[in-house]
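Peer 1:
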Amino acid sequence: MSDTSISQRICDFVLNFSGEDLPDAARHVMQLSLLDWVAVTVAGRDEPVSKILREMVADEAGAEQAYVLGLKRAVPARAAALANGTAGHALDYDDTHFGCLAHPSAAVVPAAMAIADLKSVSPRAFQEAALIGVEVACRVGAWLGPEHYRIGLHMTASAGTIGAAAAAARLLGLTPDQMRNAIGLAATLASGTKAQFGTMGKPFHAGHAAAGGVEAALLAARGMVAAADGLDGPQGFGATHHGAENIAAFDGFGKAFVFETVQHKFHACCHGTHAALDALSILKERQEIAPDAVSKITIRTAPGFLRVCNIVEPSTGLEAKFSYRMVTALSLLGHDTARLDTFNDALCRDPAVLALRDRVQAVGDETVSETASKVQIDLQDGASISATSDLSTLTDIDARTARVRAKAGSLLGDERAADIWGRITREEGVASQWMRG
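Quick note, the sequence shown lines up with residues 6 to 442 if you use the numbering used here.
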């Protein structure tokens with residue numbers, strides 16, 4: 006009897022899928038995410054959490070296997086994935102896939118990069134492994150379902166670990182039995198709770214997932230045996246972590262790439278706030294809105310996001326990134342939410358910002374999709390205006406490319422961003438080489 010379990014389907018896909026069969030659109034979107042990930046990681050290298058992880062892995066030292074941004078010497082592959090993965094999510098400015106409510110590249114790319122350094126793989130093999138890993142992460146996240154996320158589990162940490170293991174295993178060339186063990190080990194390593202949102206614990210989740218994936222693959226390569234049904238068995242990860250175990254999430258697996266619908270951030274804050282900010286931008290384009298003329302602003306959003314990005318009175322710039330009230334006030338007051346330095350501690354104490362923030366409320370609305378928000382502004386003169394934005398409406402690929410490249414230019418400088426994009430699309434080098442410039 007053939008094994009049709011989710012674990013086996015993942016193993017077959019990771020080990021047997023031919024890179025020649027990758028759709029051009031999926032490959033291009035992956036290249037955009039590689040540029041985006043390099044840009045936000047380089048920009049986040051001096052964040053306190055990035056420095057903490059970098060200092061720790063430097064102090065531990067060990068075999069010189071893989072590159073860490075900001076260090077002169079290489080470190081063990083697992084440590085490199087941990088440090089780089091954390092730095093890549095430090096600014097919370099990396100890509101998001103709403104089908105799985107996760108930041109897939111943040112967990113997968115640093116794992117693929119660590120093994121690419123360790124094994125000196127080809128640029129094409131690196132890019133294909135990264136794409137296969139993020140596709141696995143997206144599919145696993147959708148399989149676990151929204152309740153897994155709503156209950157308080159961070160999908161980047163859970164599904165991300167499985168995706169990271171898939172990318173690492175692909176590059177290590179594991180046997181089928183080793184691959185199955187890697188998935189089982191990754192399932193038991195996966196962890197991360199949303200209680201950490203607004204703290205350094207959240208970016209650490211991405212680093213922990215990347216490191217867990219690398220560790221699982223390396224241990225499996227050495228012969229470590231794990232439960233074959235550790236992911237989807239009776240007492241596996243899905244069954245014990247509020248997983249819906251939605252089999253339909255794997256429909257078309259290996260034929261269509263759901264990662265193509267990943268969203269790239271163009272506001273430097275939690276992706277859950279972006280639809281509201283975009284709706285607010287629509288209103289600002291329609292008419293000039295003086296902050297003093299505002300009586301109340303109501304944001305209607307999917308109820309689940311009230312547990313993600315609704316810090317009512319943020320006191321730090323990091324907390325402000327997870328506050329509907331704060332980002333709305335900042336935007337309406339003319340602060341550029343695409344800029345990293347907009348989210349700072351001082352603005353959390355600014356009287357004008359606080360006065361407007363306290364006129365904003367976020368309301369859960371079951372009729373609003375998880376990718377949308379409706380913003381209504383009630384004015385002092387009794388008038389009311391509103392707009393809705395839905396992030397699931399993707400712009401065409403040329404427009405997406407232009408926006409991601411422009412964002413990378415703002416973070417890296419136009420010349421460096423253009424050079425990295427050229428090297429990515431020409432398949433010259435791997436991420437660790439692009440980041441050294």
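Glycine included, C-beta positions come from ideal geometry on N, C-alpha and C.
Every value quoted in this text rests on a predicted model; they were computed, and no experiment measured them.
Hey, out of D41, E371, V114 and D283, whose CA is closest to S394's CA?
Peer 2: Nearest of D41, E371, V114 and D283 to S394, Cα basis: D283.
Peer 1: Using the Cα positions of M6 and G212, report the straight-line distance between them to the nearest angstrom.
Peer 2: Low confidence applies to M6: its pLDDT is 42, below 50, so where it sits in the model is not reliable enough to give any reading.
Peer 1: For A169 versus A233, is the C-beta distance shorter than 8 Å?
Peer 2: Contact flag unset, no.
Peer 1: Does A232 come out as helix, strand or coil in the three-state DSSP assignment?
Peer 2: Of the three classes helix, strand and coil, the one that applies to A232 here is coil, per DSSP.
Peer 1: Please state the DSSP three-state secondary structure of D256.
Peer 2: Residue state, collapsed to three classes: coil.
Peer 1: Taking the continuous alpha helix (DSSP H) assigned at G369, which residues delimit it?
Peer 2: Segment V365 to G369 is the beta strand (DSSP E) holding G369; no alpha helix (DSSP H) there.
Peer 1: In its own chain, which residues sit with a C-beta less than 7 Å from the C-beta of V373, not counting the 5 before and 5 after it?
Peer 2: The residues are R305, T306, A307 and K379.
Peer 1: Output needed for F202: all residues of its chain with C-beta closer than 7 Å, excluding positions within five of it in sequence on either side, in chain order.
Peer 2: Once the five neighbours on either side are set aside, the close Cβ partners of F202 are V313 and F327.
Peer 1: Could you compute how far the alpha carbon of H276 sits from the alpha carbon of P151?
Peer 2: Cα-Cα distance, rounded: 16 Å.
Peer 1: Tell me which same chain residues have a C-beta within less than 7 Å of the C-beta of E371, skipping the five on either side of it?
Peer 2: Correct list, in chain order: P308.
Peer 1: Assuming Q381 is part of the beta strand (DSSP E), what are its boundary residues?
Peer 2: Start and end: A377 to L384.
Peer 1: My output table needs one value for G15: the three-state DSSP class, helix, strand or coil.
Peer 2: A small fix is needed here, since residue 15 is Ile in this sequence, not Gly. Here I15 sits in helix by DSSP.
Peer 1: Within 10 angstroms of its Cβ, does G157 collect 16 or more other Cβ (buried), or is it exposed?
Peer 2: Classification for G157: exposed.
Peer 1: In whole angstroms, give me the CA-to-CA distance for I15 and Q132.
Peer 2: Near 18 Å, if we compare the C-alpha coordinates of Q132 and I15.
Peer 1: Could you give the uninterrupted runs of the alpha helix (DSSP H) lying entirely in the stretch 176-220, keeping only those of 4 residues or more?
Peer 2: Counting whole runs of 4 or more residues, the stretch 176-220 contains the alpha helix (DSSP H) stretches 181-194.
Peer 1: Extract the residue ranges of the alpha helix (DSSP H) inside the stretch 308-356, only unbroken runs of 4 or more that lie entirely within it.
Peer 2: Listed in chain order, they are 322-325 and 329-337.
Peer 1: How close, in whole Å, do the beta carbons of L352 and P296 come, if the pair is a contact with beta carbons under 8 Å?
Peer 2: That belief does not hold up - the Cβ atoms of L352 and P296 are roughly 14 Å apart, past 8 Å.
Peer 1: Can you have a look at N315 and say buried or exposed, based on whether 16 or more other CB atoms are within 10 angstroms of its CB?
Peer 2: Its Cβ being crowded by 16 or more others within 10 Å, N315 is buried.
Peer 1: If you draw a straight line from the C-alpha of L27 to the C-alpha of G138, how long is it?
Peer 2: Rounded to the nearest angstrom, the two C-alpha atoms are 13 Å apart.
Peer 1: Could you give the C-beta distance for I402 and L40, rounded to a whole number, given that I count them as a contact under 8 Å?
Peer 2: With a Cβ gap of about 14 Å, I402 and L40 do not count as contacting.
Peer 1: Starting from T266 and walking both ways along the alpha helix (DSSP H), at which residues does that stretch end?
Peer 2: Run containing T266: none; DSSP gives neither H nor E here.
Peer 1: Given a cut-off of 8 Å, decide if M118 and A413 are closer than it, judged by their beta-carbon atoms.
Peer 2: No, Cβ-Cβ distance for A413 and M118 is not below 8 Å.
Peer 1: Would you call the stretch 69-82 in contact with the stretch 239-259, where contact means no fewer than 3 C-beta pairs closer than 8 Å?
Peer 2: The stretch 69-82, when compared against the stretch 239-259, does not touch it at the 8 Å Cβ threshold.
Peer 1: What's the C-alpha gap between G178 and V219?
Peer 2: Whole-angstrom Cα-Cα distance: 13 Å.
Peer 1: Quick check on R431: buried or exposed, where buried means 16 or more other Cβ atoms within 10 Å of its Cβ?
Peer 2: Exposed is the call here.
Peer 1: Using a Cβ-Cβ cut-off of 7 Å (strictly less than) and excluding sequence neighbours within five positions of V358, which residues of its own chain qualify?
Peer 2: Counting only Cβ-Cβ distances below 7 Å, and skipping sequence neighbours, we find A334, L335, L338 and L352.
Peer 1: Quick one: using the 10 Å Cβ neighbour count with 16 as the cut-off for buried, is A422 buried or exposed?
Peer 2: Under this definition A422 is a buried residue.
Peer 1: Please work out which residues of its chain come closer than 7 Å, Cβ to Cβ, to D237, disregarding the five sequence neighbours upstream and downstream, and give them in chain order.
Peer 2: Counting only Cβ-Cβ distances below 7 Å, and skipping sequence neighbours, we find S10, I11, S12, G243 and E250.
Peer 1: Tell me which residue opens and which closes the alpha helix (DSSP H) that V73 is part of.
Peer 2: No alpha helix (DSSP H) holds V73; DSSP gives it neither H nor E.
Peer 1: K301: buried (16+ other C-beta within 10 angstroms of its C-beta) or exposed?
Peer 2: Classification for K301: exposed.
Peer 1: Between the Cα of Y329 and the Cα atoms of R364, R354 and G189, which residue gives the shortest distance?
Peer 2: Among R364, R354 and G189, the Cα nearest to that of Y329 belongs to R364.
Peer 1: Does the separation of the CB atoms of H269 and L37 fall below 8 Å?
Peer 2: Result yes, Cβ atoms of H269 and L37 sit closer than 8 Å.
Peer 1: Could you check whether H247 and H108 sit closer than 8 Å to each other, using their CB atoms as the reference points?
Peer 2: Against a cut-off of 8 Å, the Cβ pair of H247 and H108 comes out as no contact.
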